[in-house]
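**Q**
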Amino acid sequence: MGSAPSDGAAQSPLAAFKILIAGGFGAGKTTLVGAVSEVRPLHTEEALTSASVGHDDLRGVGSKTTTTVAMDFGRITISGQVVLYLFGTPGQERFWFMWDELSYGALGAVVLADTRRLGDCFPSVDYFERRQVPFVVAINCFDDAARYDPEDVRVALDLGPRVPMLLCDARQRGSAKEVLITLVEHVLASRPHEGPGAVVPA
Amino acid sequence: MSAGDKWLDRSAGPVVRPYALTGGRTAPAGGEVLDLIAVVVATRQVTGGRDGLSPEHRRILRLCQRPVTVADVASDTALPVGVVRVLLSDLTQEGWITVLPQRPADEQPSADLLKEVLHGLRAL
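Chains as they are written, first to last, in the numbering used here: chain A, 10 to 211; chain B, 3 to 126.
#1: Express the C-alpha separation of A147 of chain A and H195 of chain A in angstroms, rounding to a whole number.
#2: S56 of chain B: buried (16+ other C-beta within 10 angstroms of its C-beta) or exposed?
#3: K38 of chain A CB to nearest chain B CB: under 8 Å?
#4: Distance cutoff 8 Å, beta carbons only. Does E47 of chain A sit that close to anything in chain B?
#5: Excluding the 5 residues flanking V142 of chain A on each side, which residues of the same chain have their C-beta closer than 6 Å to its C-beta?
#6: For chain B, find out if any of its Cβ atoms is closer than 8 Å to the Cβ of H52 of chain A; answer yes or no.
#7: Please list, in chain order, all residues of the same chain as V35 of chain B whose beta carbon is under 7 Å from its beta carbon, the five residues on each side excluded.
#8: Identify the contact partners of S77 of chain B in chain A, using a Cβ-Cβ distance below 7 Å as the criterion.
#9: Determine the chain B residues that contact Y94 of chain A at a beta-carbon separation under 9 Å, and present them in chain order.
#10: Let me make sure I understand the geometry here. Which of A:P201, A:L175, A:T86 and A:L41 has the alpha-carbon closest to that of S136 of chain B?
#11: Counting only runs that start and end within the segment 64-115 of chain B, where is the alpha helix (DSSP H) found for 4 or more residues in a row?
#12: Output the boundary residues of the beta strand (DSSP E) element that contains R84 of chain A.
#13: Per the DSSP calculation, Y94 of chain A is bridged to which residue(s)?
#14: Quick check on K117 of chain B: buried or exposed, where buried means 16 or more other Cβ atoms within 10 Å of its Cβ?
#15: Could you give the distance in angstroms between the alpha-carbon of L23 of chain B and the alpha-carbon of S199 of chain A?
#16: Please go through the segment 18-69 of chain B and give each complete beta strand (DSSP E) segment of 3 or more residues, from N-terminal end onward.
#17: Once DSSP output is grouped into helix, strand and coil, what is the label at L121 of chain A?
#18: Measure the beta-carbon distance from T53 of chain A to P82 of chain B and round it to whole angstroms, keeping in mind my assumption that it falls under 8 Å.
#19: Using a Cβ-Cβ cut-off of 8 Å, state whether P30 of chain B counts as contacting chain A.
#20: Could you please tell me which residues of the segment 119-142 of chain A, in chain order, have their CB closer than 7 Å to any CB of chain B?
#21: Given this structure, state the Cα-to-Cα distance separating E138 of chain A from D167 of chain A, to the nearest angstrom.
#22: From A:D158, A:V162, A:F144 and A:V91, pick the residue whose C-alpha is nearest to that of V120 of chain A; which is it?
Below you can see the structure in the form of structure tokens.
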């Protein structure tokens, strides 16, 4: 978009990038988005599918066929022409279908890991690996959680050596910023030297 | 705040059922579902004339006087993304706005652009 040659359009190009913030429930997605970006309200109406049965109590709502999903959404203005958008991925399984849309064309993703519930981030890791979306794993250091060597976490998550991993405090702006910087550096480093279109292994 | 307004703040959600604003339509007129970060821009100014636009269309059109993303339009209007997509599609069909070409999803951004992002993040 922003790198496209100008064809004389009067409007300045706007390069918008999507970064996904994933991880289990309570891993700190909302906190991280809030620490580093201008948080904005965003909601979507999603069709209720059979997957919702058993999750949403539909008694008494008659023909209600959509449900409102509030999303974690933040904006970082890099310049007048470049804007980063952070989207927290909805945690509940019934909203998995939204991930496909969110990850389409995404610059990359952050998987927030909580070492007390490491298993919660397996689905995110699997997803981004399968989709070949570049990602980093940020271990959110909760005050009451035991500290682990990131390399032990790497083994536990069965991550390849190329996936960057770092400790973070999602509440701290500087730390959240470092997570995003690590991701963009990873995207840049994974970039093939020749031309676009090559597949980058996660 | 009167008793009647008490339940009608932003967090209470819309007073009108969302898809009432689109005449019940849940799919964009052109069939194309815009990406959340697709960039749209108005091609002409909002006029006061009889142009068949609803107040929501007008609000969106005003936001589109400079290039904006679908997500920003949804956020600024507090309308659900699905509704915004339908309304944006109406405006595209009628030639009020245009969708700016996007970088193909499988094409990586240029190194220069990524470096600009990095630089911007470091400067935050």
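Ideal placement from N, C-alpha and C gives every residue a C-beta, glycine not left out.
**A** With the structure as the only source:
#1: 13 Å
#2: exposed
#3: no
#4: no
#5: S112, A115 and A118
#6: yes
#7: R87
#8: R49, P50, L51 and F82
#9: L38, I39, T71, A73 and D74
#10: The structure shown does not extend to residue 136 of chain B, since chain B spans only 3 to 126, so no value can be given for it.
#11: 72-79 and 83-95
#12: F82 to T86
#13: A:K27 and A:R84
#14: exposed
#15: 44 Å
#16: 41-44
#17: strand
#18: 5 Å
#19: no
#20: none
#21: 11 Å
#22: A:F144
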